[in-house]
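Visitor: To convert, take the position in the sequence shown, counting from 1, and add 10; that gives the numbering used here.
Positions of the beta carbon are idealized from the N, C-alpha and C atoms, including for glycine.
Submitted below is the structure of interest, expressed as structure tokens.
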Amino acid sequence: MKIGIFSDSFYPEIKGGGEMMAWRLAKQYLIMGYEVVVFTATQDKKNEVWGQLEGGFKIYRFFSDYHRGLTAYFAFFNYQVVFKIAEVLKKEKLDIVHIHNIHHYLSYYSLVLLKRRKIPSVLTVHE
Numbered sequence: 011m012k013i014g015i016f017s018d019s020f021y022p023e024i025k026g027g028g029e030m031m032a033w034r035l036a037k038q039y040l041i042m043g044y045e046v047v048v049f050t051a052t053q054d055k056k057n058e059v060w061g062q063l064e065g066g067f068k069i070y071r072f073f074s075d076y077h078r079g080l081t082a083y084f085a086f087f088n089y090q091v092v093f094k095i096a097e098v099l100k101k102e103k104l105d106i107v108h109i110h111n112i113h114h115y116l117s118y119y120s121l122v123l124l125k126r127r128k129i130p131s132v133l134t135v136h137e
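Structural data, given as structure tokens:
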């Protein structure tokens, strides 16, 4: 089974509670024998990666940065990442996705992309 993890930020770049929870779950899924693919964002262009192996799982870290006054708009549709996510979803063929915080960078439009591809998903709200 191939499990996707969606989280606006991810350990070790950010060490907050939601990020640590997503990272720990990703590690546990690996221990259980599942393939894990992480979708996250970075605000530093040099940290953007596409399908790099980190800690045993594949990670897609998309660059996204905008003025915080625009958060209400980018939370619903972040044009900086949604087309990249759609491209990766076509390639990765995920069986299920565990979604964490996506309201800053990955945007709620990620849910639309998952629904269109008929990928079952679970949302854990950390805030």
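Using a Cβ distance threshold of 8 Å, determine whether the stretch 26–35 contacts the stretch 119–127, with at least three qualifying pairs required.
Guide: Touching, no, given that fewer than three Cβ pairs across the two stretches are closer than 8 Å.
Visitor: Would you kindly check if the distance between the Cβ of Thr50 and the Cβ of Phe144 is under 7 Å?
Guide: The structure shown does not extend to residue 144, since the chain spans only 11 to 137, so no value can be given for it.
Visitor: Which residues in the same chain have their Cβ closer than 7 Å to the Cβ of Tyr5, if we skip the five residues on either side of it in sequence?
Guide: Since the first residue of the chain shown is 11 and the last is 137, residue 5 is not available in this structure.
Visitor: Could you have a look at Ala82 and say whether DSSP puts it in helix, strand or coil?
Guide: Correct three-state label for Ala82: helix.
Visitor: Looking at the secondary structure, which residues open and close the alpha helix (DSSP H) in which Leu63 lies?
Guide: That residue, Leu63, is in no alpha helix (DSSP H); its beta strand (DSSP E) goes Val59 to Glu64.
Visitor: Quick check: the Cα distance between Lys37 and Tyr76, rounded to an integer number of angstroms?
Guide: When rounded, the distance between both Cα atoms is 30 Å.
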